[in-house]
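J.: Residue numbers (numbering that gives the first Met the number 0), protein chains in the order written: chain A, 0 to 475; chain B, 0 to 401.
Before I ask anything, let me first share the structure, which is written out below as structure tokens.
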Amino acid sequence: MDYEAVIGLEIHMELNCVTKMFCDCPNRPGDEPNKNICPICLWVPGAIPQFSYETLEKATLTCLALNCEIQEKSAFDQKVYYYPDLPKGYQLSQAHLPLSRNGWLNIVGEDGHAKRLRIHHVHMEEDVAKLVHEMEGKTPISLVDFNRAGAPLVEIVTEPDMRSPYDAMEFVRLLRTQIRYVGSSECSLESGTMRVDANISIRPGGTDQMNTKVEVKNMNSIRHVGDAIAYEIKRQEALVNAGEPVIMHTRLWDPDKKVTTAMRGKFSGPCVPDPSVPLIVISQEWLKEKMSRLPEMPAQKAERFHKQFGLMEDEASLICSEKDTAEYFENVTSFPVPARMVSHWLTTQLMPAVRERGENLLSSSVTPERFAALLEMVDKNEVNASSAKEVLVRLFETDRPVRTVVDQGSFSQVSDASELDGIVTEVLEANASAVKDFHNGVSKALGFLIGQAMQASAGKANPRVVREILMKRLAS
Amino acid sequence: MSNHYFYCDPSPQSREEGPLAGNLIAVQSNMSVQGWPTTAGSLALEGYVALEDATVVKRLRDRGGVIVGSTYMSELGFGLSGDTAETVLKDGKAEVVLVTDTMGEARMAAAGAGVYGFKPTHGLVSRFGLIGLVPSMECYGVMAGTPQAISAVMDGISGYDERDFSMPDREKPDFSEKADISRLIRRVGVIPEATAMLDESERKAFRDGIRKFSDLGLAVSDVSFKDFDLFPLVHGVIGSVEASSSAGKYDGVRYGHRAQGTKNWNEMYLKSRGESFGLLVKSYLFQGAYFQYENYETFEKACRIRSCLVKDMNDLFSKVGVLVLPSKRLHFDARKAETVQDIYGAFALTLPANVAGLPALQMPGFIAEGAGGIGMQLIGPAFSDAELLALANHLSQQKGMN
Numbered sequence: 000m001d002y003e004a005v006i007g008l009e010i011h012m013e014l015n016c017v018t019k020m021f022c023d024c025p026n027r028p029g030d031e032p033n034k035n036i037c038p039i040c041l042w043v044p045g046a047i048p049q050f051s052y053e054t055l056e057k058a059t060l061t062c063l064a065l066n067c068e069i070q071e072k073s074a075f076d077q078k079v080y081y082y083p084d085l086p087k088g089y090q091l092s093q094a095h096l097p098l099s100r101n102g103w104l105n106i107v108g109e110d111g112h113a114k115r116l117r118i119h120h121v122h123m124e125e126d127v128a129k130l131v132h133e134m135e136g137k138t139p140i141s142l143v144d145f146n147r148a149g150a151p152l153v154e155i156v157t158e159p160d161m162r163s164p165y166d167a168m169e170f171v172r173l174l175r176t177q178i179r180y181v182g183s184s185e186c187s188l189e190s191g192t193m194r195v196d197a198n199i200s201i202r203p204g205g206t207d208q209m210n211t212k213v214e215v216k217n218m219n220s221i222r223h224v225g226d227a228i229a230y231e232i233k234r235q236e237a238l239v240n241a242g243e244p245v246i247m248h249t250r251l252w253d254p255d256k257k258v259t260t261a262m263r264g265k266f267s268g269p270c271v272p273d274p275s276v277p278l279i280v281i282s283q284e285w286l287k288e289k290m291s292r293l294p295e296m297p298a299q300k301a302e303r304f305h306k307q308f309g310l311m312e313d314e315a316s317l318i319c320s321e322k323d324t325a326e327y328f329e330n331v332t333s334f335p336v337p338a339r340m341v342s343h344w345l346t347t348q349l350m351p352a353v354r355e356r357g358e359n360l361l362s363s364s365v366t367p368e369r370f371a372a373l374l375e376m377v378d379k380n381e382v383n384a385s386s387a388k389e390v391l392v393r394l395f396e397t398d399r400p401v402r403t404v405v406d407q408g409s410f411s412q413v414s415d416a417s418e419l420d421g422i423v424t425e426v427l428e429a430n431a432s433a434v435k436d437f438h439n440g441v442s443k444a445l446g447f448l449i450g451q452a453m454q455a456s457a458g459k460a461n462p463r464v465v466r467e468i469l470m471k472r473l474a475s
Numbered sequence: 000m001s002n003h004y005f006y007c008d009p010s011p012q013s014r015e016e017g018p019l020a021g022n023l024i025a026v027q028s029n030m031s032v033q034g035w036p037t038t039a040g041s042l043a044l045e046g047y048v049a050l051e052d053a054t055v056v057k058r059l060r061d062r063g064g065v066i067v068g069s070t071y072m073s074e075l076g077f078g079l080s081g082d083t084a085e086t087v088l089k090d091g092k093a094e095v096v097l098v099t100d101t102m103g104e105a106r107m108a109a110a111g112a113g114v115y116g117f118k119p120t121h122g123l124v125s126r127f128g129l130i131g132l133v134p135s136m137e138c139y140g141v142m143a144g145t146p147q148a149i150s151a152v153m154d155g156i157s158g159y160d161e162r163d164f165s166m167p168d169r170e171k172p173d174f175s176e177k178a179d180i181s182r183l184i185r186r187v188g189v190i191p192e193a194t195a196m197l198d199e200s201e202r203k204a205f206r207d208g209i210r211k212f213s214d215l216g217l218a219v220s221d222v223s224f225k226d227f228d229l230f231p232l233v234h235g236v237i238g239s240v241e242a243s244s245s246a247g248k249y250d251g252v253r254y255g256h257r258a259q260g261t262k263n264w265n266e267m268y269l270k271s272r273g274e275s276f277g278l279l280v281k282s283y284l285f286q287g288a289y290f291q292y293e294n295y296e297t298f299e300k301a302c303r304i305r306s307c308l309v310k311d312m313n314d315l316f317s318k319v320g321v322l323v324l325p326s327k328r329l330h331f332d333a334r335k336a337e338t339v340q341d342i343y344g345a346f347a348l349t350l351p352a353n354v355a356g357l358p359a360l361q362m363p364g365f366i367a368e369g370a371g372g373i374g375m376q377l378i379g380p381a382f383s384d385a386e387l388l389a390l391a392n393h394l395s396q397q398k399g400m401n
């Protein structure tokens, strides 16, 4: 039988606020253990949570980036459970009245068509402390680091609209792009500032059944999200085919073995309204002010780049998928260089080179000004493409002006016909058999001869001029 | 002296100046004073020493008040069992005692001592540093011999505190003698459904007391409150749920009592908590956990009913300026309550003000108090605290002249 997967995601995202969510402690979980703690986040008796305004602002921006409807009234609840990572016996979260509902993102589906994936709601909640398990001699001990206790989070809960690992990976990619644009979170699965849990069930293709779902956790990259979902779909298919039931539980993804393994039973404790954090009421004026502060989002920006600069659509969305890249692109186009040339060199040469070096585009030594200067020389035929690629590599290592790098490295392109004429003569004399092939109609022979001439000029010859001279000489 | 104090300050700080200069004030052992043992009457807080002053303590000291010590109290302020506030006040060891009022404790203790006991509007006084049990119901209560003494303390401790976000952002009332009592004095309301909870002799005592109001020229009339008997139920459901959550932090991990000889953290939790709480609090926490885990619907209903009760109560104040209620019933003893049911029986007449968050004052002199008396409380509209105390002052003077 053909099965169809039904996938929903629950994504926890750490907001990059300066302080924790309910106190003034620095929001730096990675500091030395228990450095950033106070009576409130330790929940010392008599403490009262003080909800941080910055958390509300950044959470709101996050919701707006995901096209969610901000709710006029939202409130905190206590998610009750007992565990040493939870200093007060409950976690402050929004179970009944979340900050926003009804969001969506449009991904490009596997069939190339746009596909809308809906978001059920986004709510705020505090992070819990970190447990460290160690051995003290032969006794296992557990240590609690409260640096992370009370760190501000949002949880994004999608509708079960995804049908494949591809859908889920695209959703997470797009979500990350959107959030990074508004700047409310680093959104890194690798470093744990974003944690993706997937709820997966399967059903016969074409039906609308909702079957027992299984939750999969612990994916540390977007690729792992896809792999873990693919594995879980296969596992459930095998169960169903064998006539065995799918049991609701949580599984952990093991990135080394590439399998999921069963974990604890799913939490189902009560959620009761919290009497200490006041009701949050959002006015239309406040919301309008936040919306006016939203940057141009990736989809609009790509659309504009397409129209304004004539970029291909996929090239435009590639450049706009990172805010830094888009900004860099616009900076370079302010110099007299063709925009499509910028986009081509940026996506095929500069971006891979920056990534390879583990650098950041905006802080690399290839400033928009230097990159533009190089492209200008390419555009004016002062440097040919292959030399320019080498110059680009040197620009990462030196701060000298591009013109100097080109001159000192003798990368200037030779377009002078009289100079190239001599080289062509030598090539023709040395490769008589290729000349013969050419006259016999072997089309590859011309390319070979051009290549020989380029080599003889140490790559500096203007290939267009070489080709013209060769054609003229071979015809005579 | 010290046997009525849980902790006595060996060298009380005293400022020469300020509106409360030289006032001897006692707190309870759940009100944080930096460096003092602060165990809230519970083994769950064994050995716990407050890290900083509660906002109330800080404000009292800033105004010259002398915090002499902390009194013994019931476990986590639930009821009055073992509470020594009344004795400390009667013995003159303190002029003012602060008592946590969760279901009427400050008023009940005052009714026993024949003094004034005041519960302010919820949100008027910062709860920062108060180790409580039921956040939406409890507040600092103030016991003293005169309404002026209470007003002076209220003037010091009330008003917005940025460390308690649950407080409304509104201006502090004027607690000076200039407070205008005309709004409250226009009509005194009696709730027949409350009087109906008394037995015959109690009812007679209450009627005699009310007659004194008429004798002073006040207009007294009945105002019906159909669902008055729902207050204890609502308080019991919501209060126990909040208590169950609030007490969740007592796990023996960071402070307080930790059971020995346990094999893992789960066992450590169970045994530490099992050993920490007394029977009354334990059954209250069980009740709350029951509503949280097994019967959430009832909790939700209780929340909805509470909203209606608050609204109905506020509506009464469009008809009358102030309400007069008896404080207690004689066959219930708040100090000897051993079960949750006992305790709710004992506080049934005082807890409506906690459910509705309204200011209420136990006022002596009109109806007999002490062992054989039922006492009398005035309840005013929200944030009428200053007027209510001024009214009490006015009435006591009028009565004295008669």
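Note that the Cβ used here is the ideal one computed from N, Cα and C, for glycine as well.
Using a beta-carbon distance cut-off of less than 7 Å, what residues from the stretch 159-185 of chain B approach chain A?
T.: Taking 7 Å as the Cβ-Cβ cut-off against chain A, the residues of the stretch 159-185 of chain B that qualify are 162, 163, 164, 165.
J.: Could you tell me which chain A residues have their CB closer than 7 Å to the CB of residue 126 of chain B, listed as they occur along the chain?
T.: Against the second sequence, residue 126 of chain B aligns to sequence position 127. Here the neighbours are 47.
J.: Could you give the first and the last residue of the continuous alpha helix (DSSP H) run that contains residue 5 of chain B?
T.: The sequence position of residue 5 of chain B within the second sequence is 6, counting from 1. Run containing residue 5 of chain B: none in the alpha helix (DSSP H); it sits in the beta strand (DSSP E), 4-7.
J.: According to the neighbour-count rule (16 or more other Cβ atoms, all chains shown, within 10 Å of its Cβ), is residue 157 of chain A buried or exposed?
T.: Taking the first residue of the first sequence as position 1, residue 157 of chain A is located at position 158. It counts as buried.
J.: Hey, residue 346 of chain B and residue 103 of chain B are a contact pair by Cβ (cut 8 Å); roughly how many whole angstroms apart?
T.: Locating residue 346 of chain B in the second sequence gives position 347, where the first residue counts as 1. Locating residue 103 of chain B in the second sequence gives position 104, where the first residue counts as 1. That pair is a contact at about 5 Å.
J.: For residue 33 of chain A, which residues in the same chain have their Cβ closer than 7 Å to its Cβ, ignoring the five residues on either side in sequence?
T.: Here residue 33 of chain A refers to the residue found at position 34 of the first sequence. Result list for residue 33 of chain A: 144, 145, 146, in chain order.
J.: Please classify residue 201 of chain A: does DSSP put it in a helix, a strand, or coil?
T.: The residue you call residue 201 of chain A lines up with position 202 of the first sequence. Strand, per DSSP.
J.: Between the stretch 177-184 of chain A and the stretch 3-18 of chain A, do at least 3 Cβ pairs fall closer than 8 Å?
T.: The stretch 177-184 of chain A, when compared against the stretch 3-18 of chain A, does touch it at the 8 Å Cβ threshold.
J.: Taking only runs of the beta strand (DSSP E) that begin and end inside the stretch 179-246 of chain A, which ones reach a length of at least 3 residues, in chain order?
T.: Complete beta strand (DSSP E) runs here, min 3: 193-203, 213-216.
J.: Given a cut-off of 8 Å, decide if residue 276 of chain A and residue 71 of chain A are closer than it, judged by their beta-carbon atoms.
T.: Position 72 of the first sequence, counting from 1, holds the residue named residue 71 of chain A. Position 277 of the first sequence, counting from 1, holds the residue named residue 276 of chain A. Cβ atoms of residue 71 of chain A and residue 276 of chain A: not closer than 8 Å.
J.: Taking the CB atoms as reference points, tell me whether residue 130 of chain B and residue 65 of chain B lie closer together than 8 Å.
T.: In the second sequence, counting from the first residue as 1, residue 130 of chain B sits at position 131. In the second sequence, counting from the first residue as 1, residue 65 of chain B sits at position 66. Not closer than 8 Å, so no.
J.: Taking beta-carbon pairs under 7 Å, can you tell me which members of the stretch 53-85 of chain A lie near chain B?
T.: Within the stretch 53-85 of chain A, the residues whose Cβ lies closer than 7 Å to some Cβ of chain B are 77, 79, 81, 83, listed in chain order.
J.: Could you check which residue in A/85, A/112, A/130 has the C-alpha nearest to that of residue 124 of chain A?
T.: Within the first sequence, residue 124 of chain A is the residue found at index 125, counting from 1. Among A/85, A/112, A/130, the Cα nearest to that of residue 124 of chain A is on A/85.
J.: For residue 396 of chain B, which three-state DSSP category applies?
T.: For the purposes of this step, residue 396 of chain B is taken as residue 397 along the second sequence, with counting starting at 1. In the structure shown, residue 396 of chain B sits in a helix (DSSP, three-state: H, G or I).
J.: Would you say residue 378 of chain B reaches chain A, if we count a Cβ-Cβ gap shorter than 8 Å as a contact?
T.: Here the question's residue 378 of chain B lines up with position 379 in the second sequence. No, residue 378 of chain B does not count as interfacial toward chain A.
J.: Just the Cα atoms here: how many angstroms apart are residue 392 of chain A and residue 344 of chain A?
T.: Here residue 392 of chain A refers to the residue found at position 393 of the first sequence. Here residue 344 of chain A refers to the residue found at position 345 of the first sequence. About 13 Å.
J.: How about the stretch 51-69 of chain B and the stretch 459-474 of chain A: do they share at least three Cβ pairs that are nearer than 8 Å?
T.: Short answer: they don't touch.
J.: Taking 6 Å as the limit between beta carbons, can you name the residues of its chain near residue 122 of chain B, skipping five residues before and five after?
T.: On the second sequence, residue 122 of chain B is found 123 positions in, with the first residue counted as 1. Result list for residue 122 of chain B: 166, 167, in chain order.
J.: Who are residue 105 of chain A's beta bridge partners in DSSP?
T.: The sequence position of residue 105 of chain A within the first sequence is 106, counting from 1. Partner(s): A/115.
J.: Distance, Cα to Cα, residue 473 of chain A vs residue 341 of chain A?
T.: Position 474 of the first sequence holds residue 473 of chain A. Position 342 of the first sequence holds residue 341 of chain A. Their backbone Cα atoms lie some 36 Å apart in a straight line.
J.: Below 7 Å between beta carbons is the criterion; list the residues of the stretch 212-246 of chain B that meet it against any residue of chain A, in chain order.
T.: Taking 7 Å as the Cβ-Cβ cut-off against chain A, the residues of the stretch 212-246 of chain B that qualify are 240, 241, 244.
J.: For residue 250 of chain A, write down the residues that DSSP places opposite it in a beta bridge.
T.: As a position in the first sequence, residue 250 of chain A is number 251, starting the count at 1. According to DSSP, residue 250 of chain A bridges with A/215, A/261.
J.: Does any residue of chain A bring its CB to less than 8 Å from the CB of residue 295 of chain B?
T.: Residue mapping note: residue 295 of chain B aligns to position 296 of the second sequence, counting from 1. Yes, because at least one Cβ of chain A sits closer than 8 Å to the Cβ of residue 295 of chain B.
J.: Output needed for residue 458 of chain A: all residues of its chain with C-beta closer than 7 Å, excluding positions within five of it in sequence on either side, in chain order.
T.: Taking the first sequence and counting its residues from 1, the one referred to as residue 458 of chain A is at position 459. Here the set comprises 385, 386.
J.: Taking C-beta to C-beta, are residue 30 of chain B and residue 97 of chain B nearer than 8 Å?
T.: Locating residue 30 of chain B in the second sequence gives position 31, counting from the first residue. Locating residue 97 of chain B in the second sequence gives position 98, counting from the first residue. In this structure, residue 97 of chain B lies closer than 8 Å to residue 30 of chain B by Cβ.
J.: Who are the neighbours of residue 47 of chain B on chain A, taking C-beta pairs under 8 Å?
T.: Here the question's residue 47 of chain B lines up with position 48 in the second sequence. 44, listed in chain order.
J.: For chain A, find out if any of its Cβ atoms is closer than 8 Å to the Cβ of residue 129 of chain B; answer yes or no.
T.: Numbered from 1 along the second sequence, position 130 holds the residue referred to as residue 129 of chain B. It does; some Cβ of chain A falls within 8 Å.
J.: So residue 100 of chain B contacts chain A; which residues on that side make the cut at Cβ distance below 9 Å?
T.: As a position in the second sequence, residue 100 of chain B is number 101, starting the count at 1. Going along chain A, no residue has its Cβ under 9 Å from residue 100 of chain B, so there is no contact; the nearest lies around 16 Å.
J.: Out of A/444, A/21, A/69, which one is the CA nearest neighbour of residue 122 of chain A?
T.: Locating residue 122 of chain A in the first sequence gives position 123, where the first residue counts as 1. Residue 122 of chain A has its Cα closest to that of A/69, out of A/444, A/21, A/69.
J.: Checking contacts by CB at 8 Å: is residue 252 of chain B closer than that to chain A?
T.: Start at 1 with the first residue of the second sequence, and residue 252 of chain B comes out as number 253. Residue 252 of chain B counts as touching chain A.
J.: When you compare only the Cα positions, how much space is there between residue 318 of chain B and residue 118 of chain B?
T.: One-based indexing of the second sequence puts residue 318 of chain B at position 319. One-based indexing of the second sequence puts residue 118 of chain B at position 119. Distance between the alpha carbons of residue 318 of chain B and residue 118 of chain B: 22 Å.
J.: Can you give the beta carbon distance from residue 398 of chain B to residue 211 of chain B, rounded, assuming they're within the 8 Å contact cut?
T.: The residue labelled residue 398 of chain B in the question sits at position 399 within the second sequence. The residue labelled residue 211 of chain B in the question sits at position 212 within the second sequence. Contact flag correct, Cβ pair sits at about 7 Å.
J.: Which class does residue 25 of chain B belong to by DSSP, given the choice of helix, strand or coil?
T.: In the second sequence, the residue the question calls residue 25 of chain B occupies position 26. Of the three classes helix, strand and coil, the one that applies to residue 25 of chain B here is strand, per DSSP.
J.: In the DSSP assignment, find the unbroken beta strand (DSSP E) run with residue 132 of chain A in it and report its ends.
T.: Position 133 of the first sequence, counted from the first residue, corresponds to residue 132 of chain A. Counting along the chain, the beta strand (DSSP E) containing residue 132 of chain A begins and ends at 129-135.
J.: Check the Cβ-Cβ distances between residue 298 of chain B and every residue of chain A, and say whether any is below 8 Å.
T.: Reading the second sequence from its first residue, position 299 is the one you call residue 298 of chain B. Judged by the 8 Å Cβ criterion, residue 298 of chain B is in contact with chain A.
J.: Within this structure, are the beta carbons of residue 401 of chain A and residue 373 of chain A separated by less than 8 Å?
T.: The residue labelled residue 401 of chain A in the question sits at position 402 within the first sequence. The residue labelled residue 373 of chain A in the question sits at position 374 within the first sequence. Yes, the pair counts as a contact, with Cβ atoms nearer than the cut-off.
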